[in-house]
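In the working numbering, the protein residues as written are 24 to 455. What follows is one structure encoded as structure tokens, with my remarks underneath.
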Amino acid sequence: MANPITASQLSRTSQSSQYLLALLVLVACLVGIWTSSRIGTARMLAMYGVATNRLPAMNEAVRITPYDSEVRFARARALLNAGQVTAALPELEHAAALQPRNYGIWAELSGIYDLANQPDKAITAINQAIRLAPSYAHPHWQLGNLLLRKGQRQEAFREFRLAANADSSLVPNAVDLAWGAFNGKAAEIEQALQPDNDLARLELAKVFATRGAADDAMRVFRQVQNSAAATGAEREKLQAELFKSKRYYEAWEVWAKGQDGGATLKSKGTGAITDGGFEKQISLTEVGFGWRINPEKPTVVVTLDTQNPFADATSLQIHWEGKSSTSVYTIWQIVLVEPNKRYQLNFAARTKDLVSGGLPEIAVLNDFEGQVLASATLPQGTSSWQKHSLEFTSPATKQVVYLIVRRKSCTVLSCPAFGSAWFDAFSMKANN
24 MANPITASQL SRTSQSSQYL LALLVLVACL VGIWTSSRIG TARMLAMYGV ATNRLPAMNE
84 AVRITPYDSE VRFARARALL NAGQVTAALP ELEHAAALQP RNYGIWAELS GIYDLANQPD
144 KAITAINQAI RLAPSYAHPH WQLGNLLLRK GQRQEAFREF RLAANADSSL VPNAVDLAWG
204 AFNGKAAEIE QALQPDNDLA RLELAKVFAT RGAADDAMRV FRQVQNSAAA TGAEREKLQA
264 ELFKSKRYYE AWEVWAKGQD GGATLKSKGT GAITDGGFEK QISLTEVGFG WRINPEKPTV
324 VVTLDTQNPF ADATSLQIHW EGKSSTSVYT IWQIVLVEPN KRYQLNFAAR TKDLVSGGLP
384 EIAVLNDFEG QVLASATLPQ GTSSWQKHSL EFTSPATKQV VYLIVRRKSC TVLSCPAFGS
444 AWFDAFSMKA NN
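Below is the structure:
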């Protein structure tokens, strides 16, 4: 019969197990510390090698940790920087094998295959990157370039389309590529890219306008569904391109869609003065068909005044207190007109203590610095609200006129101005 195990024997066995477990934990910790130290040392060497472009440091990093994908990847980049494409290729292949779910490594490997003139392998690698990151723009763009160089135009632009829809900043480059590939045929370019969001549509419209295809630009712009998307920088860029090409009706449509949620579009636009009663704040960054101001502080101050307006709640006050330029338009607006048509401009003005050899003038010009079509000069001194009317014929070849307020030219070199003038109730109508 076996002797029973005593309590003391059980205690000694338990203590031995605990010692063994502690020893194993200690060994594991030491191995972990040793491994971490090697990895840390290798990665520091790799970072140093990349920063200084020293291949010996990269080689030592790989020797220390040959199975670290980050070190392999870093050595490949260093070899590339040294122009050693052939040597970089196996390093990236090692990195991809060690970390097969890293889309960035596959994208980089595709680029190296491309440099090594192995297009089929480049396409295979970038397709793997796309499988790992299907919504990222860069891999689709990279594949599109590879396919386009192989002559697979339709397949290439499918990838460009996916990239541009993921990142609208790529639209100009995509359009440039499509412009050459489709010989400037805007409809085919639009079909190839198929922008699926408003920002991409605005970007495409802007590029069309830049290329002189204003009609196609407007066709794309009219597909913009969200008026909020038409209020920002992309709308202003499109509008600026249309201004450059003197497509003012189209520029007005683009501008109007960004105003009041698109409500301004309900008016025709021609002969319409924006906020003629100065009931809204004037934007200091206006680039469209609203009022623009050029106050020459501190001697010329432009403000909205709620005291004693001619109509509604507000009028515009311009106050002069000394020297100012007669060549500066203190306030002005571009007004859409029909060519060779008779118009009547109406407004109200009053003055207080106005003294100058160059009095305020309200004028209609045929261009920014062009011919005066009609003008009126305010009187010296103080006057109550007076209605004014000016008649003019719009130029036969122009779609806009410029409504300006400035000082008349002086006959002497020193020509300050003092006092105030108020303006209100600007309106324009066509005379049949």
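For glycine and all other residues, C-beta sits at the position ideal for the given N, C-alpha and C.
Provide the residue(s) that pair with Lys410 in DSSP beta bridges, ordered along the chain.
Ala371
For Gly393, write down the residues that DSSP places opposite it in a beta bridge.
BP columns for Gly393 are empty, so no partner.
When DSSP labels each residue in this structure, what does Gln165 get in the three-state scheme?
helix
Look at the alpha carbon of Gln214 and the alpha carbon of Ser191, and state the distance between them as a whole number of angstroms.
16 angstroms
Determine, using beta carbons only, whether Ala130 and Tyr136 come nearer to each other than 7 angstroms.
no
Starting from the N-terminal side, write out each stretch of the alpha helix (DSSP H) that is 4 residues or longer and does not extend beyond the region 247 to 326.
256 to 267 and 271 to 280
Given a cut-off of 7 angstroms on the beta-carbon distance, is the pair Glu479 and Gln356 in contact?
Outside the displayed range of the chain (24 to 455) lies residue 479, so it cannot be described from this structure.
For Arg184, name the three-state secondary structure that DSSP assigns.
helix
So, helix, strand or coil for Lys229, using DSSP?
helix
With DSSP run on the structure shown, which of helix, strand or coil describes Asn455?
coil
Please list, in chain order, all residues of the same chain as Thr322 whose beta carbon is under 7 angstroms from its beta carbon, the five residues on each side excluded.
Trp343, Glu344, Gly345, Lys346 and Ser347
Quick one: give me the first and last residue of the alpha helix (DSSP H) that Ala148 is part of.
Pro142 to Leu155
Is Thr329 helix, strand or coil when you go by DSSP?
Per DSSP, reduced to three states, the secondary structure at Thr329 is coil, with no helix or strand assignment.
Which stretch, first to last residue, makes up the beta strand (DSSP E) that contains Arg429?
The continuous beta strand (DSSP E) containing Arg429 extends over residues Val423 to Arg430.
Output the distance between the C-alpha atoms of Ala444 and Gly255, rounded to the nearest integer angstrom.
34 angstroms
Mapping DSSP to helix, strand and coil, what is Asp190?
DSSP places Asp190 in coil when its eight states are reduced to three.
Suppose the cutoff is 7 angstroms on Cβ atoms and the five residues either side in sequence are ignored; what does the same chain contact list for Gln217 look like?
Arg184
State buried or exposed for Arg95, treating a residue as buried only when at least 16 other CB atoms are found within 10 Å of its CB.
Buried, because 16 or more other Cβ atoms sit within 10 Å of the Cβ of Arg95.
Of the residues Gly311, Gln248, Gln304 and Arg373, which one's Cα is nearest the Cα of Trp278?
Gly311
How long is the line joining the alpha carbons of Ser437 and Ile354, rounded to whole angstroms?
Cα to Cα, Ser437 sits roughly 22 angstroms from Ile354.
Give the DSSP-derived three-state secondary structure of Ala440 in the structure shown.
strand
Using DSSP's beta-bridge definition, name the partner residues of Val358.
Val424
Please return the same chain residues whose Cβ sits closer than 6 angstroms to the Cβ of Val10, not counting the five positions on each side in sequence.
Nothing about residue 10 can be reported from this structure: the residues present for the chain run from 24 to 455 only.
Taking only three categories from DSSP, how would you classify Gln122?
coil
Quick one: is Thr416 near chain D, going by C-beta distance under 7 angstroms?
The chain labelled as chain D is not found in the depicted structure, where only one protein chain is given.
What is the DSSP secondary structure of Ala386, reduced to helix, strand or coil?
strand
Nearest CA to the CA of Ala187: which residue from Leu171, Arg172, Gly167 and Glu273?
Gly167
Use the C-beta contact count for Asp335: other C-beta atoms within 10 angstroms, 16 or more gives buried, fewer gives exposed.
exposed
Using a Cβ-Cβ cut-off of 6 angstroms (strictly less than) and excluding sequence neighbours within five positions of Glu211, which residues of its own chain qualify?
Phe205
With a cut-off of 8 angstroms on the beta carbons, I'd call Gly381 and Ala440 a contact; round off their distance for me.
Rounded, the Cβ-Cβ distance is 6 angstroms, consistent with contact.
Rounded to whole angstroms, what's the CA-CA distance from Val378 to Lys410? Just pull it up for me.
Cα to Cα, the separation comes out at about 21 angstroms.
Might you give, ordered along the chain, the residues of its own chain that have their beta carbon closer than 8 angstroms to the beta carbon of Asp390, omitting 5 neighbours on each side?
Lys421 and Tyr425
Measuring alpha carbon to alpha carbon, tell me which residue in Val428, Ser407, Lys375 and Val194 is nearest Ala397.
Val428
Which value, in whole angstroms, describes the spacing of the CA atoms of His117 and Gly127?
14 angstroms
Counting along the chain, where does the beta strand (DSSP E) carrying Gln340 start and finish?
Residues Ser338 to Gly345.
Near Val50, what residues of its chain come up, given a Cβ to Cβ distance below 8 angstroms and the 5 sequence neighbours on each side ignored?
Unreliable placement is indicated for Val50, whose pLDDT of 48 sits below 50; no coordinate value is reported for it.
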